[in-house]
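Student: Quick one: the structure is below, and I'll ask about it shortly.
The following block contains the structure:
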């Protein structure tokens, strides 16, 4: 029997982000003064402007920090052990928490260039990162 992994909750604020993921686009909010941010919010955390829109990000960044999980904290992830979870410093500025895939976890390095990729899990496309 397969155990379903926990999935992110879709909210009205995050819906455009998840709509982008469904189309394999990493979308972030960007205010009129050019500041990008994530997670979603109602106003720019830099200038407090409510004049913003969702834009497609490059999907590129670097590993800022990471951890390799050797123990499963949810039964759905037991088969994936070991796996790397990283804070990605996106080219646009925000930091993004995600798994690093398509590379052995012991090969992940701080500063390593990465690019977004998407994996469908239980009907939801999740943004993951691979070595660029």
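Numbering (this note's numbering), first residue to last: 1402 to 1533. Beta carbons are placed, not taken as given, at the ideal position from N, Cα and C, and that holds for glycine.
Please state the DSSP three-state secondary structure of residue 1477.
Tutor: Against the chain shown, residue 1477 aligns to sequence position 76. Residue 1477: helix per DSSP, three-state reduction.
Student: Does residue 1419 come out as helix, strand or coil in the three-state DSSP assignment?
Tutor: Taking the chain shown and counting its residues from 1, one reaches residue 1419 at position 18. Helix.
Student: With distances taken between CB atoms, is the gap from residue 1490 to residue 1463 smaller than 8 Å?
Tutor: Translated into positions along the chain shown, residue 1490 becomes position 89. Translated into positions along the chain shown, residue 1463 becomes position 62. Taking 8 Å as the Cβ cut-off, residue 1490 and residue 1463 qualify as a contacting pair.
Student: How big is the Cα-Cα spacing for residue 1403 and residue 1527?
Tutor: Along the chain shown, read from residue 1 onward, the residue named residue 1403 stands at position 2. Along the chain shown, read from residue 1 onward, the residue named residue 1527 stands at position 126. Taking the straight line joining both Cα atoms gives about 19 Å.
Student: Give me the Cβ distance between residue 1485 and residue 1501, rounded to the nearest whole Å; I'm assuming they're in contact under 8 Å.
Tutor: Here residue 1485 is taken as the residue at index 84 of the chain shown, counted from 1. Here residue 1501 is taken as the residue at index 100 of the chain shown, counted from 1. At roughly 4 Å, the Cβ-Cβ gap stays under 8 Å, so residue 1485 and residue 1501 are in contact.
Student: When burial is assigned at 16 or more other CB atoms within 10 Å of the CB, is residue 1431 buried or exposed?
Tutor: Stepping through the chain shown from its first residue, residue 1431 is reached at position 30. Classification of residue 1431: buried, given that the 10 Å Cβ count is 16 or more.
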